[in-house]
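In order, the protein sequences belong to chains A and B. According to this note's numbering, the first sequence is numbered sequentially starting from 225. According to this note's numbering, the second sequence is numbered sequentially starting from 221. Beta carbons are placed, not taken as given, at the ideal position from N, Cα and C, and that holds for glycine. The model shown is predicted, which means the values in this text are computed figures rather than measured ones. What follows is a set of notes on a single structure, which appears directly below.
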Amino acid sequence: DTEVTQTPKHLVMGMTNKKSLKCEQHMGHRAMYWYKQKAKKPPELMFVYSYEKLSINESVPSRFSPECPNSSLLNLHLHALQPEDSALYLCASRYRGLGELFFGEGSRLTVL
Amino acid sequence: LAKTTQPISMDSYEGQEVNITCSHNNIATNDYITWYQQFPSQGPRFIIQGYKTKVTNEVASLFIPADRKSSTLSLPRVSLSDTAVYYCLVGAYGGATNKLIFGTGTLLAVQP
């Protein structure tokens with residue numbers, strides 16, 4: 225299994241809603257990433273988990289709350305988002321600090 | 221962190237060889253160079269990775285000069301389906317850092 229699975233594929237939410245994005249991999253990778261990508265821009269690093277511990281937070285606003293419940297799962301909890309947070313949210317994983325990143329297909333988020 | 225610079229866009233025709241360059245002047249001794257391909261609304265996909273000299277796989281070649289301050293991704297005989305954005309990333313291999321930052325990328329447009 226060489227897949228990173230992200231759910232949901234599409235999400236529409238209001239600014240007062242609370243929702244979550246989910247990412248799952250079963251490749252034994254111990255580093256997991258969240259990236260945010262706006263249209264025609266490169267992916268922008270948000271968070272990195274290493275061995276289920278948050279190792280990098282790229283000064284992301286607190287309305288985005290990551291969680292890594294176990295080595296296979298990564299969540300991104302969303303609360304009180306703004307319309308400018310609308311983007312494609314990409315999850316990726318890799319084996320510790322080695323090798324390439326494996327990306328999911330992304331979750332397209334629209335904030336109304 | 222090594223910053224990467226790539227051309228914003230390139231045009232080519234089917235059947236031609238395409239070379240995309242990436243500049244990374246402050247690359248560190250432990251850094252590897254990795255290239256990704258991204259189609260619209262999909263996650264980036266690994267193409268090739270190298271440290272020095274030349275690396276070749278079934279889809280591309282990567283040329284890295286001795287000073288490692290630049291690299292060139294070579295795509296032989298491109299087809300319409302190679303139209304995508306190509307990103308060069310520089311990051312540590314086996315090191316403690318997991319911080320992988322995407323540069324601006326190169327939009328390759330292949331025409332018939």
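Taking only three categories from DSSP, how would you classify residue i?
i	result
A:E227	coil
A:L269	strand
A:E248	strand
A:L298	strand
A:L336	coil
B:S301	helix
A:P307	helix
B:D231	strand
B:S281	strand
A:V284	coil
B:S261	coil
A:G323	strand
B:N250	coil
B:I321	coil
A:E276	coil
A:H234	strand
B:N245	coil
A:M239	coil
B:Y271	coil
B:A312	strand
B:T224	coil
Under 9 Å between beta-carbons, which chain A residues line up against residue i? List them in chain order, please.
i	result
B:S291	Result: empty, since nearest Cβ-Cβ is about 15 Å, beyond 9 Å.
Shortest alpha-carbon distance to residue i belongs to which of the options?
i	options	result
B:Q331	B:D231, B:Q226, B:P227 and B:T224	B:D231
A:K277	A:V284, A:M237, A:E248 and A:L298	A:L298
A:E268	A:V335, A:Y313 and A:S331	A:Y313
A:S295	A:K264, A:F288 and A:V272	A:V272
B:C308	B:S243, B:Y233 and B:V238	B:S243
A:S317	A:H253, A:K260, A:H303 and A:C292	A:H253
A:K243	A:M251, A:H250, A:Q249 and A:P232	A:P232
B:I267	A:M251, A:F326 and A:Q261	A:F326
A:N281	A:L305, A:P266, A:Y259 and A:G323	A:Y259
B:K223	B:F322, B:Y233 and B:S301	B:F322
B:P227	B:N246, B:G311, B:V305 and B:L320	B:V305
A:S274	A:F288, A:P266, A:A255 and A:P285	A:A255
A:Q230	A:M239, A:L300, A:S283 and A:A263	A:L300
A:K246	A:G328, A:H303, A:D309 and A:K262	A:G328
B:T326	B:Q257, B:K272 and B:R297	B:Q257
A:Y257	A:N241, A:K264 and A:P290	A:P290
A:C315	A:E248, A:D309 and A:G238	A:E248
A:V236	A:A311, A:E324 and A:G323	A:A311
B:A280	B:L295, B:T241 and B:I253	B:L295
B:I247	B:N318, B:A312, B:K319 and B:L300	B:A312
Run down chain B in chain order and give the residues with a C-beta less than 8 Å from the C-beta of residue i.
i	result
A:G330	S261, Q262 and G263
Would you say residue i reaches chain D, if we count a Cβ-Cβ gap shorter than 8 Å as a contact?
i	result
B:L320	In summary, chain D is missing from the structure at hand, where the protein chains are A and B.
Along chain A, in chain order, which residues have C-beta atoms closer than 7 Å to that of residue i?
i	result
B:G323	P266
B:Y306	Ordered by position in chain A, no residue passes the 7 Å Cβ test against B:Y306, which lies about 11 Å from the chain.
For residue i, which residues in chain B fall below 7 Å Cβ to Cβ?
i	result
A:K324	A quick correction: the sequence has Glu, not Lys, at residue 324 of chain A. Result: T254, F266 and Q269.
A:L314	G263
What residues from chain B crowd round residue i, counting only those whose CB sits closer than 9 Å?
i	result
A:F327	Y256, Q258, Q262, G263, P264, R265 and F266
Got a sec: which bits of the stretch 232-263 of chain B sit with their beta carbon under 7 Å from any beta carbon on chain A, in order along the chain? T254, S261, Q262 and G263
Residues within the stretch 252-286 of chain A neighbouring chain B, beta-carbon criterion of under 7 Å: A255, P266, P267, L269, V272, S274, S279 and I280
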